[in-house]
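Residue numbers (the UniProt record's numbering): 1 to 311.
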């Protein structure tokens, strides 16, 4: 009874861990997809600068294709582990343990290989101004769209201040994406009448804070560590369950094989021992005959019987 309760407890724990793998993997994929969009925007604005290299070093472990593939594979492995635990199947549980071990080694190697602190300073933000003169040009429409998207979503304008647009370009007022309440011509109206309608913070500090690490990146790091710890626990429980199911059982006692049908038991022999001892029989059936004959002996202890040769 105690062994059955232990097996039931192990199976319940593995069910919970597999469910946790599904939830954490889906969260990692969702946050990584969200960060990937913002990272592409930042890489476009910081192209050919030190900030681009720092952004790649910071976010490559979170949005690397290997990590995304590992999370997708972990969802499939969790399904296999659930089925193996449900059916107590040795093959599925063994495959589940081996897959978790491989995934854990890949995650550990990727974390160690890609871990590096970006070395940037606030003075590096000035290099972002080199991308501003191309704003509005026909062949740089993608850059124009990126600037507008970033300034709208992060509520910033220019690199340090909105006057960077007037300094680095031939524009007389900032883009309309700098307005807190956007409409055609809002930046011109704000420039000549009310500057408070423009975003007062520059985009350089926003990009610097993004490269140094966002809350979403910290969440991904926490999820990565949690998945690694859960994998170690799941592998330990899987080995324990395998031992409880297959290695804690007593092997059955071997039984002698039955003789094949039609086999001749061979000639019967009787060996006479010393006086007063029963003859030694060379066959089981003859021993039974001797026992039956002994029970029919008379009161004087004389036994009379007749033996027949069995063929």
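Note that beta-carbon positions come from the ideal geometry of N, C-alpha and C, so glycine has one too.
Which residue from the options puts its Cα closest to that of residue i?
| i | options | result |
| --- | --- | --- |
| residue 59 | 211, 156, 48 and 179 | 211 |
| residue 226 | 12, 23 and 10 | 23 |
| residue 173 | 182, 142, 148 and 189 | 189 |
| residue 76 | 100, 133 and 139 | 100 |
| residue 39 | 62, 48 and 164 | 62 |
| residue 313 | 164, 80 and 19 | Past the boundaries of the shown model lies residue 313; the chain is included only from 1 to 311, so the question cannot be answered. |
| residue 198 | 88, 150, 185 and 180 | 180 |
| residue 65 | 106, 157, 185 and 132 | 106 |
| residue 208 | 156, 185 and 144 | 156 |
In the DSSP output, what is residue i paired with across the bridge?
| i | result |
| --- | --- |
| residue 179 | 198 |
Tell me whether residue i sits in a helix, a strand or coil according to DSSP, three-state version.
| i | result |
| --- | --- |
| residue 171 | coil |
| residue 135 | coil |
| residue 162 | coil |
| residue 89 | coil |
| residue 184 | coil |
| residue 81 | helix |
| residue 47 | coil |
| residue 193 | coil |
| residue 301 | Bear in mind that a pLDDT of 44 at residue 301, under 50, signals an unreliable position, so the number given afterwards is only what the model happens to contain. Residue 301 falls in the coil class under three-state DSSP. |
| residue 64 | coil |
| residue 155 | coil |
| residue 281 | Annotation note: pLDDT 42 at residue 281 (below 50); position unreliable, coordinate value reported separately. Looking at residue 281 - three-state DSSP - the assignment turns out to be strand. |
| residue 146 | helix |
| residue 271 | Bear in mind that the predicted position of residue 271 carries a pLDDT of just 48, short of 50, making it unreliable; the figure below should be weighed with that in mind. The answer is strand: DSSP assigns residue 271 an E or B state. |
| residue 98 | helix |
| residue 58 | helix |
| residue 214 | coil |
| residue 234 | helix |
Distance, Cα to Cα, residue i vs residue j?
| i | j | result |
| --- | --- | --- |
| residue 204 | residue 178 | 14 Å |
| residue 136 | residue 54 | 27 Å |
| residue 4 | residue 42 | 56 Å |
| residue 238 | residue 224 | 21 Å |
| residue 176 | residue 28 | 35 Å |
| residue 159 | residue 32 | 26 Å |
| residue 161 | residue 171 | 15 Å |
| residue 191 | residue 168 | 17 Å |
| residue 233 | residue 69 | 22 Å |
| residue 154 | residue 206 | 7 Å |
| residue 26 | residue 35 | 14 Å |
| residue 221 | residue 102 | 20 Å |
| residue 215 | residue 56 | 17 Å |
| residue 50 | residue 124 | 7 Å |
| residue 85 | residue 11 | 6 Å |
| residue 129 | residue 52 | 14 Å |
| residue 182 | residue 134 | 22 Å |
| residue 201 | residue 217 | 23 Å |
| residue 30 | residue 193 | 43 Å |
| residue 88 | residue 71 | 25 Å |
| residue 7 | residue 236 | 14 Å |
| residue 148 | residue 142 | 10 Å |
| residue 127 | residue 67 | 31 Å |
| residue 48 | residue 185 | 32 Å |
| residue 195 | residue 139 | 31 Å |
| residue 213 | residue 144 | 25 Å |
| residue 187 | residue 150 | 16 Å |
| residue 13 | residue 219 | 25 Å |
| residue 9 | residue 37 | 43 Å |
| residue 166 | residue 132 | 10 Å |
| residue 98 | residue 152 | 48 Å |
When you compare the CB positions of residue i and residue j, do they come within less than 8 Å of one another, or not?
| i | j | result |
| --- | --- | --- |
| residue 230 | residue 17 | yes |
| residue 15 | residue 96 | no |
| residue 109 | residue 21 | no |
| residue 45 | residue 163 | no |
| residue 90 | residue 241 | no |
| residue 228 | residue 73 | no |
Is residue i close to chain C, meaning its C-beta is less than 8 Å from at least one C-beta of that chain?
| i | result |
| --- | --- |
| residue 209 | Chain labels in this structure do not include chain C; a single protein chain is all it has. |
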